[in-house]
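For reference, the structure is listed below as structure tokens.
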Amino acid sequence: MLKILAMTASVGLALLGCAGQSPSDQLTRPSTVRVCQGASCVDQDRNTVTFQAAPSDPQAERRLAALTQMAEGNPKAAYDLALRLLRGDGVERNSYQALEWMRKAGDQGLTEAQMALGRLYLVGFEEMGADPAEAASWLSRAAAQGNREAQQLLPQAQAARQSEQAQYQVRELVRTSWGHWYASTPYYWYWNNTGWILR
146 MLKILAMTAS VGLALLGCAG QSPSDQLTRP STVRVCQGAS CVDQDRNTVT
196 FQAAPSDPQA ERRLAALTQM AEGNPKAAYD LALRLLRGDG VERNSYQALE
246 WMRKAGDQGL TEAQMALGRL YLVGFEEMGA DPAEAASWLS RAAAQGNREA
296 QQLLPQAQAA RQSEQAQYQV RELVRTSWGH WYASTPYYWY WNNTGWILR
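Right, dumping it as structure tokens:
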């Protein structure tokens with residue numbers, strides 16, 4: 146009898162621990178990020194700058210500042226800034242900032258950013274592992290806006306949440322088209338002597 150009572154209590158506690166988060170808990174982002182170097186990891190404030198390179202080209206700094214200012218209120222500019230940070234095109238490569246700007250563009254409803262985030266989270270990128278649940282979330286937003294590729298990838302992302310084998314298959318499928326997307330996706334904005342111009 147005591148064994149049954151103990152087993153029931155442990156199952157109850159396990160189920161209580163598995164209770165889902167509320168939608169507001171899912172949307173709040175932690176104030177810290179885990180930074181790992183070698184064998185040690187530390188949680189640090191999300192806004193901490195760990196390295197600041199000296200500006201080497203004042204004109205490039207001016208272009209970056211202008212694009213960053215535009216990106217605050219324009220999802221296409223935020224998307225472009227994310228692509229440039231992801232590729233290291235005219236700026237120092239920074240995948241973390243690229244994801245932050247891509248998320249801002251996606252949160253503002255830009256389908257291309259939502260699709261890009263779905264891909265990034267589906268296959269993982271650099272230090273970030275794959276996250277099929279996050280991928281499904283972004284792909285569902287893009288699919289709701291009529292993006293056909295997102296509509297095709299969404300069931301695969303949902304299946305990847307259920308099994309490791311499905312996750313591997315989807316990751317390999319998306320990886321084959323990753324290089325093409327990464328290298329050939331065009332920018333919305335181009336720089337000329339007067340500033341950034343929308344194409």
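Here the sequence shown stands for residues 146 to 344, where the numbers follow this note's numbering. Ideal Cβ positions, reconstructed from N, Cα and C, are used throughout, including at glycine.
Classify D276 as helix, strand or coil using the three-state DSSP reduction. coil
Reduced DSSP category for D190 - H, G, I as helix; E, B as strand; rest coil: strand
Considering only heavy atoms of the ligand SAH, does any lie closer than 7 Å to the CB of Q312? You won't find the ligand SAH in this model; it holds no ligand whatsoever.
Name the two residues that bound the continuous alpha helix (DSSP H) containing G291. It is not in any alpha helix (DSSP H) - G291 carries neither H nor E in the DSSP assignment.
Should K221 go down as buried or exposed, given a rule of 16 or more other Cβ atoms within 10 Å for buried? buried
What are the start and end residues of the beta strand (DSSP E) that includes G340? G340 to L343
Judging by CA-CA distance, which residue of N337, Q259, A304 and V268 is the nearest neighbour of A223? Q259
So the alpha helix (DSSP H) Y313 belongs to, where does it begin and stop? E309 to S329
Please go through the same chain and pick out, in chain order, the residues whose beta-carbon is closer than 8 Å to the beta-carbon of A288, but skip the five residues on each side of it. A295, Q296 and L299
In angstroms with no decimal places, state the Cα-to-Cα distance between F270 and I149. 46 Å
Here's the rule: buried if 16 or more other CB atoms are within 10 angstroms of the residue's CB, otherwise exposed. What is V187? exposed
Apart from the five residues on each side of it in sequence, which residues of its chain come closer than 7 Å, Cβ to Cβ, to A250? P220, A223, Y224, A227 and A258
State the Cα-Cα distance for the pair G235 and A205, rounded to the nearest angstrom. 7 Å
Sheet register partners of N337 (DSSP bridge): G340
Mind checking who T177 pairs with in its DSSP beta bridge? D190
Roughly how many angstroms separate the alpha carbons of A311 and R264, rounded to a whole number? 15 Å
Between the CA atoms of A278 and R306 - distance to the nearest angstrom: 6 Å
Cutting at 8 Å between CB atoms, please list the residues of its own chain near R238, excluding the five before and the five after it. L230, L231 and R232
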